[in-house]
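Each residue of the sequence shown is one higher than the one before, counting from 3 in this note's numbering. The structure under discussion appears below in the form of structure tokens.
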Amino acid sequence: MKNIQQLRAKTESPREQWVDVNVDIDLDHHMVRLIESNGDIHEYVSNNVRALAHAAAHNRGRAQWCEKYQQLLVPGASNVSGGIPFYKLEPKPVALSA
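Pasting the structure below:
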């Protein structure tokens with residue numbers, strides 16, 4: 003019989019993990035930058051960038067990111083926004099050259 007650790011190792015990939023990030027938001031461009039503790043920066047866009055900016059400011063820019071589900075968890079955000087603390091982020095569009 004397999005133990006729970008073996009089952010988790012088999013079903014979890016690094017993409018399913020929640021990673022601590024700092025959030026930097028550019029309201030003018032609806033851009034969300036996630037900065038990992040190792041310095042890696044990932045850029046996304048959000049349709050709900052104003053609410054996310056308000057929640058992130060309340061939490062000093064700290065959040066958790068899950069790449070697989072493209073979900074950003076801002077702990078305590080529901081206390082500020084009155085909504086849920088999860089935000090869906092979409093990959094930043096690639097600029098097309100002419």
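Built from N, CA and C at the ideal position, the CB exists for glycine as well.
Through-space distance from residue j to residue i, alpha-carbon basis
| i | j | result |
| --- | --- | --- |
| V47 | A59 | 17 Å |
| Y89 | I43 | 18 Å |
| V76 | A55 | 10 Å |
| M33 | A57 | 15 Å |
| N40 | Q73 | 20 Å |
Beta-carbon proximity list for residue i, same chain, < 6 Å, skipping 5 on both sides
| i | result |
| --- | --- |
| G63 | N24 and V25 |
| W20 | Q66 and C68 |
For residue i, the residue or residues it bridges with in DSSP
| i | result |
| --- | --- |
| N24 | I37 and R64 |
| K90 | Q73 |
| H44 | L36 |
Cβ-based neighbour list, residue i, same chain, cut-off 7 Å, excluding 5 preceding and 5 following
| i | result |
| --- | --- |
| V96 | none |
| S80 | I86 and P87 |
Top-ranked residue by Cα proximity to residue i, from the options
| i | options | result |
| --- | --- | --- |
| E92 | G78, V51, D22 and G41 | V51 |
| G78 | Y71, E38, H31 and P87 | P87 |
| D22 | K94, N61, N81 and S80 | N61 |
Anticipated Cβ contact below 8 Å, residue i with residue j, distance rounded
| i | j | result |
| --- | --- | --- |
| E38 | K70 | With 8 Å as the limit, E38 and K70 do not qualify as a contact, their Cβ atoms being about 16 Å apart. |
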